[in-house]
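**Student:** To start, I am sharing the structure in question, which I have written as structure tokens.
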Amino acid sequence: MSDITENIIGWRKLEEFWSELAKKLEKKDNIFQVADFDYTLFSRDEQFTGIPELLNNRADKWPAYLFENYGMIEFLEKYYKNHPLPKGIIEKFDPSRDIIMTAGGSKDFQIAKVRSCPELNDFRVVLTYDGKEKIPELIRYILFELRYIPSEIIVYEDRPQYFVEYRDFVEETLWTKLTVMKVEMDGNEGYKSIGEV
Ligand SMILES: [Mg+2]
2 MSDITENIIG
12 WRKLEEFWSE
22 LAKKLEKKDN
32 IFQVADFDYT
42 LFSRDEQFTG
52 IPELLNNRAD
62 KWPAYLFENY
72 GMIEFLEKYY
82 KNHPLPKGII
92 EKFDPSRDII
102 MTAGGSKDFQ
112 IAKVRSCPEL
122 NDFRVVLTYD
132 GKEKIPELIR
142 YILFELRYIP
152 SEIIVYEDRP
162 QYFVEYRDFV
172 EETLWTKLTV
182 MKVEMDGNEG
192 YKSIGEV
């Protein structure tokens, strides 16, 4: 856990602090939902077919490649604009409460992709540097933005490993239940599977 919650205070004290804060918050009998973006709400299959060079650039190099060789505006217009999201997950979401949480080394690239999708206009978006940082950011979001403890948190993810690994930690810190749903998209046509892990 140390590398996830490390900061100048020290992770053990932080865990205790989070947990004490959580105890003081009101518990509400409702479900708070979080969805990842890439390959959970939006498939990138089309862009990898259209720009095969992306496959030769490691994940952290995509944004630089697109900025320098393709043009980010052109990329967003071609591969995000007028690309309706598949239903299935987003239709279960309530924009007054539920959020999108997405990781990307280039925050501008990541937020611009999400904001190119009109269906997500009303949702709050939380950006993290990588998948692992989603764990402390989820806890902080509940404590400091939502400011109540939902009876259940449901996370939708195509790569749910950190939520599975740290499920007990999240549940013990926030005194609630964390349900993790693994998602497999079928391009942007829909979903091959959505199931609890
Ligand atoms: Mg993803």
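Using the numbering used here, the first residue of the sequence shown is number 2, and each one after it goes up by one.
We treat Cβ as the ideally placed atom computed from N, Cα and C, and that holds for glycine.
At which residues does the beta strand (DSSP E) containing Phe38 begin and terminate?
**Tutor:** Looking up residue 38 in the sequence shown gives position 37. From DSSP, Phe38 is part of no beta strand (DSSP E); its letter is neither H nor E.
**Student:** Do you know whose CA, among Val198, Asp187, Phe18, lies nearest Asn157's CA?
**Tutor:** Against the sequence shown, residue 157 aligns to sequence position 156. What sits at residue 157 in the sequence shown is Tyr, not Asn. Out of Val198, Asp187, Phe18, Val198 has the C-alpha closest to the C-alpha of Tyr157.
**Student:** Please find out if some non-hydrogen atom of ligand 1 comes closer than 7 Å to the beta-carbon of Phe159.
**Tutor:** Residue numbering aside, residue 159 sits at position 158 when the sequence shown is read from its first letter. Checking the displayed sequence, the identity of residue 159 turns out to be Asp instead of Phe. True, at least one ligand heavy atom lies under 7 Å from that Cβ.
**Student:** Residues bridged to Ile154 by DSSP?
**Tutor:** Position 153 of the sequence shown, counted from the first residue, corresponds to residue 154. According to DSSP, which records beta bridges pairwise, Ile154 is partnered with Phe33, Leu179.
**Student:** On a CA-only basis, which of Val165, Glu120, Glu173, Phe76 is nearest Ile150? Give me that one, please.
**Tutor:** Within the sequence shown, residue 150 is the residue found at index 149, counting from 1. Taking only the C-alpha atoms, the option nearest Ile150 is Glu173.
**Student:** Measuring alpha carbon to alpha carbon, tell me which residue in Trp19, Gly191, Gly11, Lys14 is nearest Tyr142.
**Tutor:** Along the sequence shown, one-based indexing puts residue 142 at 141. Of Trp19, Gly191, Gly11, Lys14, the residue nearest in Cα terms is Trp19.
**Student:** Return the chain-ordered ranges of every alpha helix (DSSP H) run that is complete within the segment 78–125 and spans a minimum of 4 residues.
**Tutor:** List check, alpha helix (DSSP H) in window: 108–116.
**Student:** From what residue to what residue does the alpha helix (DSSP H) around Ile195 run?
**Tutor:** Counting from one through the sequence shown, the residue named residue 195 turns up at place 194. Careful: Ile195 lies outside any alpha helix (DSSP H), inside the beta strand (DSSP E) at 191–197.
**Student:** Could you check whether the segment 121–132 touches the segment 99–109, counting it as contact only if at least three pairs of C-beta atoms, one from each stretch, sit closer than 8 Å?
**Tutor:** The segment 121–132 vs the segment 99–109: in contact.
**Student:** Apart from the five residues on each side of it in sequence, which residues of its chain come closer than 7 Å, Cβ to Cβ, to Tyr1?
**Tutor:** Summary: the structure shown does not reach residue 1, with the chain confined to residues 2 through 198, and so no result is reported for it.
**Student:** Return yes when the C-beta of Tyr40 is under 7 Å from any heavy atom of ligand 1, and no when it is not.
**Tutor:** Numbered from its first residue, the sequence shown carries residue 40 at position 39. Within the cutoff, so yes.
**Student:** Take Phe170 as the anchor and find which of Leu139, Glu185, Ser152, Glu54 has the nearest alpha-carbon.
**Tutor:** Locating residue 170 in the sequence shown gives position 169, where the first residue counts as 1. Residue Leu139 is the option with its Cα nearest to Phe170.
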